[in-house]
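Worksheet: one structure, shown below.
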Amino acid sequence: MSIEPSSAVPVLVLAVRDEYAGRRWAPPGRHWPAQPSAVGGLDLVAGGTWLAVGSAGAGGEAGAVGEAVAACLLNGFGTLAPAQARQSRGELPLLAVRGGRIDRLDLDRYDPFHLVVARASGVRVLSWGGSGSRLAELDLPTGLSVVLNDGPEGMAENRTASERIRSLMGARAARFRARFETAARPEPLPDAVSTGEAWGAWLPIVAGDGLPLDDPAALVQRREFGDGRIWGSSSISLLAFGPAGVRYDFGPAPVEGDGDWRRVEAA
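Heads up: the sequence shown runs through residues 21 to 287, numbered per the numbering used here.
Here's what the structure looks like:
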């Protein structure tokens, strides 16, 4: 996340989805008849999404009614919900973009998560570590911020016990924070036609920055953890929030070329 209140486009979000390769999904669209204004990728297993874009309704999270908002879900670490009562976390981004109150849910029914809620006025992260924990809320500061499965800047109350996973997340965050800090910050205005024109110096970095997929610091990655299953990056989303609303660019991961990107019509 890049937050610069003085910019013409004050909030930029890069979201890389990592998932097991066998989990089926569909690219962003209006997949939910009961919520026709919501746009996002569809998890074909549970029916929810990892990232949704919409317009906040009345009575929800702080922000103006009708304001463009996006919500991005990351799995967290902590106590899992009881299997017989478990609710899919994929419904949470949809709830957030229609202005629903996450803090009013029975959170004991959800596995741990971090939910990033972004709009032109700022970015808030809601973190849940499972039964016995509390819902933590954090407004991200001006500048660059990184949200991992270990929470904002890897500092959630509940974090992974795996040294290998912690090391991989840390290497990824450190390299790409440095890369984005030295690259010219784009201002993806709505009249920019192509993804390349809109995102400028960020785009080659977002596409992987030339690192092999198995590099410890790779942003776009592919891992084998020894159980026969493949874990890796399946898609990349770029969101820019400004006075005119939100610009949403989407591509598969890994991105093979500029033609892989498409602009998604959103709120």
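For glycine and all other residues, C-beta sits at the position ideal for the given N, C-alpha and C.
Same chain, Cβ closer than 6 angstroms to residue i, neighbours up to 5 away in sequence not counted
i      : result
Ala72  : Ala58, Gly60, Ala91, Pro113, Leu114 and Val117
Val275 : Ala227
Assigned secondary structure, residue i (DSSP; H/G/I helix, E/B strand, else coil)
i      : result
Glu285 : coil
Ser22  : strand
Val226 : helix
Gly279 : helix
Arg139 : strand
Asp206 : It is Pro, not Asp, that sits at residue 206 in the sequence shown. DSSP places Pro206 in coil when its eight states are reduced to three.
Glu87  : coil
Arg37  : strand
Trp45  : strand
Gly190 : helix
Glu157 : strand
Arg50  : coil
Arg15  : Here the chain covers residues 21 to 287 and nothing more, so residue 15 does not appear.
Arg242 : strand
Arg179 : coil
Gly216 : helix
Presumed contact (8 angstroms Cβ cut-off) between residue i and residue j, rounded CB distance
i      : j      : result
Ala221 : Ala203 : 4 angstroms
Thr215 : Asp278 : 7 angstroms
Arg242 : Gly252 : 4 angstroms
Leu164 : Glu201 : 6 angstroms
Phe270 : Ser254 : Phe270 to Ser254, Cβ: 11 angstroms. No contact.
Close-in-space but distant-in-sequence residues of the same chain around residue i (CB under 7 angstroms, 5 per side omitted)
i      : result
Leu34  : Val226 and Leu258
Phe133 : Leu93, Leu94, Asn95, Gly96, Arg109, Leu112 and Trp148
Gly333 : A query on residue 333 cannot be resolved here, the shown segment of the chain reaching from 21 to 287 and no further.
Asp177 : Reading off the sequence shown, one finds Glu at residue 177, where the question assumed Asp. The answer, listed in chain order, is Gly149, Ser153 and Ala156.
Arg44  : Leu64 and Val65
Pro56  : Arg50
Cβ-Cβ distance between residue i and residue j below 8 angstroms
i      : j      : result
Gly174 : Gly190 : yes
Asp63  : Trp52  : no
Arg199 : Gly42  : no
Val29  : Gly265 : no
Cβ-based neighbour list, residue i, same chain, cut-off 8 angstroms, excluding 5 preceding and 5 following
i     : result
Tyr40 : Arg249, Ile250 and Trp251
So within the stretch 97–152, which uninterrupted beta strand (DSSP E) runs reach at least 3 residues, ignoring any that extend past its ends?
For the stretch 97–152, whole beta strand (DSSP E) runs of length 3 or above, ordered along the chain, are 133–139 and 142–148.
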